[in-house]
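Notes follow the structure.
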Amino acid sequence: MEGHVKRPMNAFMVWSRGERRKLAQQNPSMQNSEISKQLGYQWKSLTEAEKRPFFQEAQRLKTLHREKYPNYKYQTHRRVKVPQRSYTLQREVASTKLYNLLQWDNNLHTIIYGQDWARAAHQSSKNQKSIYLQPVDIPTGYPLQQKQQHQEQQHVHLQQQQQQQHQFH
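With full-length UniProt numbering, the residue at position 147 of the sequence shown is 147, and numbering never jumps.
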């Protein structure tokens, strides 16, 4: 990301930078997540005296950072979780990409992807409108004020489906 200013390293980051390299060289098959766990355990086991130089270095880096970027303000960038099951979406909450993939009417559409292929085949056999997508095609998250509305609409849609199935039997 161009123009992005990184945060100054904290004491743990200063310490772990060198330790991570050592641990990775000693254990080439160890995954990064396991290395991170080990570093956490090692850091917690250090005494305050052992940690002090890293806190001092972190403070020095923080001061330099403040001088170099006086107007810097850290802003969190939360990652949005991609749902891991099928969802029923309406036009108002669909992404542009998804909207362009579907011909929209005022009905709800069942979006099925990934591990739900068996369920998708079963639902398609019931003459439902379904489309098969990968997780990257699904809109990421809903605004909080629309979440409850979406859940209510999903419930109504399921009731309508059940009524239709009941009429055929």
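The beta-carbon is built from N, C-alpha and C at its ideal position, and this holds for glycine as well.
Check your understanding: Cα-Cα, which of Leu46, Arg78, Tyr72 is closest to Ala11?
Key -> The residue labelled residue 11 in the question sits at position 11 within the sequence shown. Ala11 has its Cα closest to that of Leu46, out of Leu46, Arg78, Tyr72.
Review point. Is it true that the region 71-79 meets the region 14-33, where meeting means three or more beta-carbon pairs spaced less than 8 Å apart?
Key: Counting C-beta pairs closer than 8 Å gives fewer than three between the region 71-79 and the region 14-33, which falls short of the contact rule.
Practice item. Determine, using beta carbons only, whether Tyr69 and Val14 come nearer to each other than 7 Å. Key: As a first step, residue 69 must be located in the sequence shown, where it is residue number 69. As a first step, residue 14 must be located in the sequence shown, where it is residue number 14. Going by C-beta atoms, Tyr69 is not nearer than 7 Å to Val14.
Exercise for review: Quick one: measure Cβ to Cβ for Lys62 and Pro8, integer angstroms, because I've assumed they're closer than 8 Å.
Suggested key: Position 62 of the sequence shown, counted from the first residue, corresponds to residue 62. Position 8 of the sequence shown, counted from the first residue, corresponds to residue 8. With a Cβ gap of about 5 Å, Lys62 and Pro8 count as contacting.
Practice item. Within 10 angstroms of the Cβ of Ala58, are there 16 or more other Cβ atoms? Answer buried if so, exposed if not. Key: Within the sequence shown, the letter at position 58 stands for residue 58. Looking at its Cβ environment, which holds 16 or more other Cβ atoms inside 10 Å, Ala58 is buried.
Practice item. Count the other C-beta atoms from every protein chain shown that fall within 10 angstroms of the C-beta of Ser29, then say buried if there are 16 or more, exposed otherwise. Key: As a first step, residue 29 must be located in the sequence shown, where it is residue number 29. Flag for Ser29 reads exposed.
Practice item. Grab the span of the alpha helix (DSSP H) containing Ser46 for me, first residue to last. Key: Here residue 46 corresponds to residue number 46 of the sequence shown, with the count starting at 1. According to the sequence shown, residue 46 is Leu rather than Ser. No alpha helix (DSSP H) contains Leu46, which DSSP labels as neither H nor E.
**Study point:** Enclosing alpha helix (DSSP H) for Ser16 [first to last residue]
**Key:** Sequence index remark: in the sequence shown, residue 16 carries index 16 (1-based). Segment 11-26, the alpha helix (DSSP H) holding Ser16.
Exercise for review: On a CA-only basis, which of Gln160, Arg17, Gln56, Gln162 is nearest Leu39? Give me that one, please.
Suggested key: The sequence position of residue 39 within the sequence shown is 39, counting from 1. Just measuring C-alpha positions, the residue of Gln160, Arg17, Gln56, Gln162 sitting nearest Leu39 is Arg17.
Review point. Do you know how far the Cα of Gly3 is from the Cα of Gln56?
Key: For the purposes of this step, residue 56 is identified with residue 56 of the sequence shown, where counting begins at 1. For the purposes of this step, residue 3 is identified with residue 3 of the sequence shown, where counting begins at 1. Cα to Cα, the separation comes out at about 28 Å.
Check your understanding: Helix, strand or coil: which one does DSSP assign to Gly40?
Key -> Position 40 of the sequence shown, counted from the start, is the residue given in the question as residue 40. It is helical.
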